[in-house]
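Asker:
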Amino acid sequence: MEEINVELQHCSQCNQEMLNDAKFCTYCGFPENGDESEKAQFHAQRVMKKSQAKENNQRINSARNTLYWMAGIFFVSGLFLFFSLNDIAVLIASSILAIIYLILAYWSQKKPFAAILSALLLYLMVIVVNVIDEPSSLFKGILLKIIILSFLIKGMYSASQSTKGQ
Ligand SMILES: [Zn+2]
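The sequence shown maps to residues 17 to 182 in the numbering used here.
Shown next, in the form of structure tokens:
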């Protein structure tokens, strides 16, 4: 039986086996047999990727917290309208919205982009429905609306950036 003589070494970064004459580790991409500047570049890129991922996570987390806050705001304002107008339909609609936002916030851990996009579209829809119902409602709490929208858009941008690299 003929023996195939393949010389193996271990990658110094991830400890996976690699061919002796290969320049790059096929597992992690480290230039094991490259020169010093190539190795330095690999480390610099890895540090940069890590800090970018951390930044993205923070932005997605803040967008998710926004979703939790929105769930709370919808529920509390629904309760408030229920007691001041005695309108059970408003309470039910707000509670349903609050539950949807809780679900979206939970879902954003797995699919941040889709969850935040859905939250944004739903929020815009609520604004449009309210404006059709009562045009002056557009300017009610306009600052809060802008803050919520900018949080959602920021979170969506981060989510789209972070999934690109995967
Ligand atoms: Zn490796």
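For each residue, glycine too, the CB sits at the ideal point set by N, CA and C.
Quick check on this structure: which residue in L113, Y122, S78 has the alpha carbon closest to the alpha carbon of I89?
Answerer: Start at 1 with the first residue of the sequence shown, and residue 89 comes out as number 73. Cα-wise, what sits closest to I89 is L113.
Asker: The alpha helix (DSSP H) that contains Q25, what's its start and end?
Answerer: Here residue 25 is taken as the residue at index 9 of the sequence shown, counted from 1. Careful: Q25 lies outside any alpha helix (DSSP H), inside the beta strand (DSSP E) at 24 to 26.
Asker: Where the beta carbon is closer than 6 angstroms to any heavy atom of ligand 1, which residues qualify, in chain order?
Answerer: Listed by chain position, these are C27, Q29, C30, Q32, C41, Y43, C44, F46.
Asker: Assuming A121 contacts R80 (C-beta within less than 8 angstroms), just tell me the rounded distance between them.
Answerer: Taking the sequence shown and counting its residues from 1, the one referred to as residue 121 is at position 105. Taking the sequence shown and counting its residues from 1, the one referred to as residue 80 is at position 64. Yes, they are in contact, since the Cβ atoms of A121 and R80 sit about 5 angstroms apart, within 8 angstroms.
Asker: Might you give, ordered along the chain, the residues of its own chain that have their beta carbon closer than 8 angstroms to the beta carbon of K161, omitting 5 neighbours on each side?
Answerer: On the sequence shown, residue 161 is found 145 positions in, with the first residue counted as 1. Closer than 8 angstroms at the Cβ level, and outside the excluded window around K161, lie I143.
Asker: Alpha carbons only, please: which of A105, M34, V92 is nearest the one belonging to E23?
Answerer: Against the sequence shown, residue 23 aligns to sequence position 7. The residue with the shortest Cα to Cα distance from E23 is M34.
Asker: By the 10 Å Cβ neighbour count, where 16 or more other Cβ atoms means buried, how is P183 classified, buried or exposed?
Answerer: The chain is shown only over 17 to 182; residue 183 falls outside these bounds and no answer can be derived.
Asker: On the criterion of 16 or more Cβ atoms from any shown chain inside 10 Å, does A56 qualify as buried, or is it exposed?
Answerer: The residue given as residue 56 occupies position 40 in the sequence shown. Under this definition A56 is an exposed residue.
Asker: Contact check, N36 vs Q29 under 8 angstroms by CB: the rounded distance?
Answerer: Translated into the one-based positions of the sequence shown, residue 36 becomes position 20. Translated into the one-based positions of the sequence shown, residue 29 becomes position 13. The Cβ separation is near 16 angstroms, so there is no contact.
Asker: Roughly how many whole angstroms lie between the Cα atoms of Q61 and S176?
Answerer: Reading the sequence shown from its first residue, position 45 is the one you call residue 61. Reading the sequence shown from its first residue, position 160 is the one you call residue 176. Approximately 20 angstroms between the Cα atoms of the pair.
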